[in-house]
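Residues are numbered in this note's numbering as their position in the sequence shown, beginning at 1, plus a constant of 93.
For each residue, glycine too, the CB sits at the ideal point set by N, CA and C.
Here the structure is a predicted model, which means the values were calculated and not measured.
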Amino acid sequence: MTKMRTVDAAVAILAKEGAIEAFGLPGAAINPFYSAMRAHGGIRHTLARHVEGASHMADGYSRAADGNIGICIGTSGPAGTDMITGLYAAWADSIPMLCITGQAPVAKLHKEDFQAVDIESIAKPVTKMAMTILEPGQVPGAFQKAFQLMRSGRPGPVLLDLPFDVQMAEIEFDIDAYEPIAVEKPKASRKQLEKALDMLTAAERPLIVAGGGIINAGASAQLVELAELLNVPVIPTLMGWGTIPDDHELMAGMVGLQTSHRYGNETMLASDFVIGIGNRWANRHTGGLDTYTAGRKFVHIDIEPTQIGRVFSPDFGIASDAGAALDGLIELARERQAAKSLPDYSAWVAECTARKGSLQRKTHFENVPIKPQRVYEEMNKAFGKDTTYVSTIGLSQIAGAQLLHVFGPRKWINAGQAGPLGWTCPAALGVVRGKPDETVVALSGDYDFQFMIEELAVGAQFNLPYIHVVVNNSYLGLIRQSQRGFNMEQNVSLAFENINSPETNGYGVDHVKVTEGLGCKAIRVENPSDLPAAFDKAKALMDEFKVPVVVEVILEKITNISMGVEINGVNEFEELAERGEDAPTAIIALLD
């Protein structure tokens, strides 16, 4: 056996487990770990400007590709507390991420030492495991268990807290003898899947709701294959968007109160059976449960047994990994196809397609200041099917989900449940690390952009190019819209006369100057006809300088985006598309 510091053993384990992309900030209490990374040489580290930013970078990296686990590293005290929002965002969306913090020496943990905080207790509610490792000999096992937990069952983040003296202690460790612990995932039985398929094929108007668990399982191809075998339309959730390409005949639209399509909601209301796979019936998807469930039966398949029945009781529930369930369903569907016992759903599919070609929102507005709908229309034209979009929350994200197009898994990367402002920029940088040489386009409102704008400097320093579209109405737009019900507009305007930048015309912060000051490139657009040229220029600047490029679009200040409190009661604040020219980038052209 070889004697080594615990941190050297830990770094060797990271490499053997395949987690070699780290984001963080060094500090006195974590310096031994940094020295181990330097000595090893196999872990790439990206220096963030804020520890919360580092956690979102690690999160974005984890979401970028199957099997990725991003690492976030920080010192003791506030570094750990800064990570909590990042841990929450990853935990809420079932994303594996490893956070590592330094800590005061074990003997000083009860003495209120400088920057000593009980981060284990603070992090436990938003992690699969949070542990302050008090004994040097526990370090290898704690890391081994962390990787198993992150990958087993419903994925999620882990935090490991390393006291300074534990990091410096020496232990006997042989990395060649180290083996990862087997990952545990439930698998549906044939009998369970036969019952689920029997229920589906007994229906006249069935739907498949495809959740983010399918993407986590790397099973989007199986989802498409099953849908095609059965000829059953698919409703992806926001986290499952991309499991089936938007231009596939069986993609029936998204459902919900905000991030939804008109045709998706109408198709859900017309259905009589739903099988949900890898989803959790989020409230922004379902709206009122009486409306959502009325007149239809439900089967729910999820990797986490306690998710089944949490929101409402399905007619039948199965605890299973989404990939395993899809593989089993495909096998059964093939058998029934060969026996010619599958129903013909072609009329139902045609009905869903007709809705998709008729129930559309207008995007082609010529207004100045620019209406946001036009921005997404021009983005659809400017960016190809290979584009990965990154966004978090706000009217920008809601309208983007209504109007943009996604053509594959992990091409819509979104902090769906937590929705932390500021997530988009650092997460996009993590996605660029996880998808080198691919097109990454971030989407933010001005407030989301301002929350962690300093992380643009990370993109400049480490040459992480992407395009960041900032739709600027100088408002907390989603909050302003939600305040309409209270007949007020309180503390939501970000506008002011910028004495240093009169060219901002009362919109306040000069995002172009700030972006350039952080080492990146920026373009401001005030007329919708200039958007195509701006996007072309942004691509050229990104290719030339290898840094983030911000395209700031000056919007009208007051916009209400389609949303409601029931899926049969979404308010359409703008005029709807009546002719093809009203929605020229719709997946199916509107017939005049």
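{"Check": "Pair within 8 Å by beta-carbon distance, Thr330 and Leu488", "Outcome": "no"}
{"Check": "Endpoints, the beta strand (DSSP E) within which Glu263 is located", "Outcome": "263-266"}
{"Check": "Where the alpha helix (DSSP H) through Arg156 begins and ends", "Outcome": "144-157"}
{"Check": "Stretch pair the segment 632-644 + the segment 342-359: three plus CB contacts closer than 8 Å", "Outcome": "no"}
{"Check": "CA-to-CA distance, Asn591 to Ile463, given in whole angstroms", "Outcome": "21 Å"}
{"Check": "Paired residues, beta bridge with Ala412 - DSSP", "Outcome": "Asp395"}
{"Check": "Beta bridge counterpart(s) of Arg298 as assigned by DSSP", "Outcome": "Answer is none; Arg298 lacks a bridge partner."}
{"Check": "Sheet register partners of Phe116 (DSSP bridge)", "Outcome": "Thr139, Cys165"}
{"Check": "Residue closest to Leu293, alpha-carbon to alpha-carbon, out of Leu322, Ile274, Pro256, Ala275", "Outcome": "Leu322"}
{"Check": "Segments of 3+ residues assigned as beta strand (DSSP E) that fall wholly inside the segment 447-515", "Outcome": "481-484, 505-507"}
{"Check": "Nearest-angstrom Cα separation, counted from Tyr271 out to Phe666", "Outcome": "60 Å"}
{"Check": "The segment 138-156 / the segment 506-525 touching (three or more Cβ pairs under 8 Å)", "Outcome": "yes"}
{"Check": "Pairwise C-alpha distance: Glu114 and Gly381", "Outcome": "42 Å"}
{"Check": "Secondary structure of Arg373, DSSP reduced to three states", "Outcome": "coil"}
{"Check": "Unbroken beta strand (DSSP E) run spanning Asp254, endpoints", "Outcome": "251-256"}
{"Check": "Backbone CA spacing between Phe236 and Leu253 [nearest angstrom]", "Outcome": "8 Å"}
{"Check": "Residues sharing a beta bridge with Thr194, DSSP", "Outcome": "Gly167, Asp254"}
{"Check": "C-alpha distance - Asp530 paired with Pro299, whole-angstrom precision", "Outcome": "40 Å"}
{"Check": "Assigned exposure category for Val461 - 16 Cβ within 10 Å defines buried", "Outcome": "exposed"}
{"Check": "Alpha carbon of Ala553 to alpha carbon of Glu609, nearest angstrom", "Outcome": "10 Å"}
{"Check": "For Asp186 and Gly509, believed in contact at Cβ under 8 Å, the rounded distance", "Outcome": "5 Å"}
{"Check": "Distance, Ala262 Cα to Phe243 Cα", "Outcome": "According to the sequence displayed, residue 243 carries Met and not Phe. Rounded to the nearest angstrom, the two C-alpha atoms are 26 Å apart."}
{"Check": "Bridge-paired residues (DSSP) for Pro338", "Outcome": "Answer by DSSP bridge pairing: none, since Pro338 is not bridged."}
{"Check": "Candidates Val563, Gly167, Lys474: closest to Ala141 by CA position", "Outcome": "Gly167"}
{"Check": "Identified DSSP bridge partners for His561", "Outcome": "Ala535, Val643"}
{"Check": "Outcome for Gln315 when other beta-carbon atoms lying within 10 angstroms are tallied against a minimum of 16", "Outcome": "buried"}
{"Check": "Paired residues, beta bridge with Ser586 - DSSP", "Outcome": "Tyr568"}
{"Check": "Segment contact flag, the segment 329-348 with the segment 206-225, C-beta cutoff 8 Å, min 3 pairs", "Outcome": "no"}
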